[in-house]
Ligand code: 3HC
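In UniProt numbering, the protein residues as written are 1 to 696.
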């Protein structure tokens, strides 16, 4: 766990303690106990003049062992704070030799040292806020005392990491090293041990007030936008504000108490669930299958999705052939790509040479022959089976026999596309989310014949381009869009029953959704789901309730933001939804035509009707094996549908409410609203056996 080496220099001996706890050198209780013991020994060893702390491999330390957060505090002794106190109060100089990634408790350990030397590739951060907690081992109190409250606030409230160079500039890092890291750290320790000035220690008094007294309020507003509905950023800011009025010891006690509240709260539990859920989802489904390299990709269709996919690939340095059926369509797509990159340059997210490099990786083509040598083609053409089938037949005839053919369809049958080719094993779905160059989620859709190598190759590509791949099976809408159907269905029913669009959206936004379902429909374009409803119409039983509200809105030519109107009105060039009395009237007409008596609808009913519709469908998806794990569904909803991370996804949310309670409400809806609410057998089984979705 902790290796100890005594390094001998002309100036004396240094104890080098190295954390060895793969995969990330997490600071679990065994590591803490071993480190505490090694520190005691080094301090007691009269031959040792200084102590250097480093990590094995590419990590200094990835921080506290998050899995331990679920165990009671008494089982976790010694706590990290005790170890950091030892480092800080050591009579011998302590130097952190930061050999790579130092995050959370890992960086807090380094902050407990008197000095820090880092390799130039080091990553330094306090990302606790992303797990719904705050740096609870002194980070909120020591960092501002070291680098000033303004810089510390930025790092802690954002949770974003900085590099060694930035660390040097703000004073977090004292020296940068290359291959000589440990030697440099040892020499620094010996130099201090022998100097008259003695060890540098943090000032335990309150921190100097920032020049701009507004920084805390500004940070709260920024956190409200970025971490909507999350309490942890506000607690981080409160801890930093506290440093202006309290001593280090008082501040540490305040931080400890706030950390304890957060770590036991529902939000952090949900955020930790998502942390591990993402990692499970991203694991190759078959660890023994070797992915084939994908170094050259074709994208068919230069529309919004195709352009975004091409950008995602080019951003990761992968050459792309972007193809459309005619030059005009290609030129339009190319303009959008250029404009998107230019916007990134204006926002300083990219510099001009980087933009040019990326554009140079996208070759434009109208001739399918240009795709004859690529490793993978992603079709992102119009959402119509006949169009897609024709493209697949064509690709099959001209692409290399080992090339993978993927479709970006959001609901169509991958098996039918596979059947149009002579290589069904290499046909797969890659459902990107819009804007594809921004959204992390990628549903990888496995057809009945898709082979394991194709899946592994797509997973490997997804990770390379910074996406979170989740494996799903074939059904209408796969996981994400299939669940959206009952969710929006209930939103439309609630309109007929008495709610207004702004009430439905408002309740769900207050629940934490990035956007309510009606605004989301307007943004995505109402014509897409309209086309799907028309396609499904022949199979829809006549006795099943159906809302005509969305169809009537589309029939008026109101297709959402792009036409300036949908469920709401939009002023020219604005994305702000304005409630429209025309729609209120239309809703009333639809209700009357269906014989529905309108009534007052509570926010609670809106949440239950929409959320439990998601959960019930999610349970069916699990029963059918369309999703591998219930946590995969949570990842899909958090990463792709604006579901609040602090609620952990729909299935985790249901677990939090309690499955017997969710089932009882669904059974009531079943009695009141009919067969669309028949409870999923899996939900019944779990509720009656006292289990949860997360136990599956
Ligand atoms: N605790 C427990 N497990 C952790 C962990 C942690 N802090 N960090 C990573 N892991 C696990 C992952 O779950 C994964 O396990 P698996 O193989 O069984 O799925 C394995 O380590 C490897 O993780 P990644 O796949 O994420 O590896 P990467 O190399 O891609 O990324 C990383 C490494 C950047 C360290 C990333 O894992 C990460 O961001 N970890 C979380 C870092 C963090 O938030 N630290 C703060 C913890 S809270 C804290 O320190 C509280 C303190 O203030 C008191």
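Every residue, glycine too, gets a C-beta built ideally from N, C-alpha and C.
Given the structure is predicted, the values throughout are model-derived calculations rather than measurements.
Going by DSSP, what residue range makes up the alpha helix (DSSP H) through residue i?
i: residue 621; result: 603-623
i: residue 139; result: 139-147
i: residue 276; result: 266-282
i: residue 222; result: 215-226
i: residue 86; result: 80-89
i: residue 193; result: 181-194
i: residue 426; result: From DSSP, residue 426 is part of no alpha helix (DSSP H); its letter is neither H nor E.
i: residue 416; result: 414-419
i: residue 552; result: 549-555
i: residue 684; result: 681-688
Please find out if some non-hydrogen atom of the ligand 3HC comes closer than 8 Å to the beta-carbon of residue i.
i: residue 65; result: yes
i: residue 86; result: no
i: residue 404; result: no
i: residue 279; result: yes
i: residue 283; result: yes
i: residue 465; result: no
i: residue 310; result: no
i: residue 121; result: no
i: residue 156; result: no
i: residue 137; result: yes
i: residue 646; result: no
i: residue 104; result: yes
i: residue 23; result: yes
i: residue 128; result: yes
i: residue 214; result: no
i: residue 62; result: yes
i: residue 131; result: yes
i: residue 101; result: yes
i: residue 108; result: yes
i: residue 382; result: no
Just confirm the distance between the C-beta atoms of residue i and residue j, as a whole number of angstroms; I'd bet it's less than 8 Å.
i: residue 701; j: residue 696; result: Given a span of 1 to 696 for the chain in the structure shown, any question on residue 701 remains unanswerable.
i: residue 640; j: residue 480; result: 5 Å
i: residue 239; j: residue 255; result: 5 Å
i: residue 478; j: residue 305; result: Contact doesn't hold; Cβ gap of about 15 Å is too wide.
i: residue 20; j: residue 48; result: Incorrect: roughly 20 Å between the Cβ atoms, too far for contact.
i: residue 111; j: residue 139; result: 7 Å
i: residue 458; j: residue 421; result: With 8 Å as the limit, residue 458 and residue 421 do not qualify as a contact, their Cβ atoms being about 16 Å apart.
i: residue 95; j: residue 137; result: That pair is no contact at about 19 Å.
i: residue 132; j: residue 271; result: 4 Å
i: residue 289; j: residue 456; result: 4 Å
i: residue 508; j: residue 501; result: In fact, because the Cβ distance is near 11 Å, the residues do not count as touching under 8 Å.
i: residue 174; j: residue 119; result: The Cβ separation is near 13 Å, so there is no contact.
On the CB-based measure, 16 or more other CB atoms within 10 Å of its CB, does residue i come out buried or exposed?
i: residue 151; result: buried
i: residue 70; result: exposed
i: residue 198; result: exposed
i: residue 408; result: buried
i: residue 193; result: buried
i: residue 324; result: buried
i: residue 114; result: buried
i: residue 497; result: buried
i: residue 280; result: exposed
i: residue 543; result: exposed
i: residue 233; result: buried
i: residue 295; result: exposed
i: residue 538; result: exposed
i: residue 536; result: exposed
i: residue 147; result: buried
In this structure, what does DSSP give as the bridge partners for residue i?
i: residue 163; result: 123
i: residue 432; result: 442
i: residue 5; result: 16
i: residue 379; result: 300, 407
i: residue 320; result: 297, 362
i: residue 487; result: Per DSSP, none; premise fails for residue 487.
i: residue 48; result: 13
i: residue 177; result: 119
i: residue 262; result: Partner(s): none; residue 262 has no beta bridge.
Where do the ends of the beta strand (DSSP E) carrying residue i lie?
i: residue 59; result: 59-61
i: residue 103; result: 101-103
i: residue 17; result: 12-19
i: residue 516; result: First-last for residue 516: undefined, no H or E at that position.
i: residue 468; result: 468-473
i: residue 97; result: 94-98
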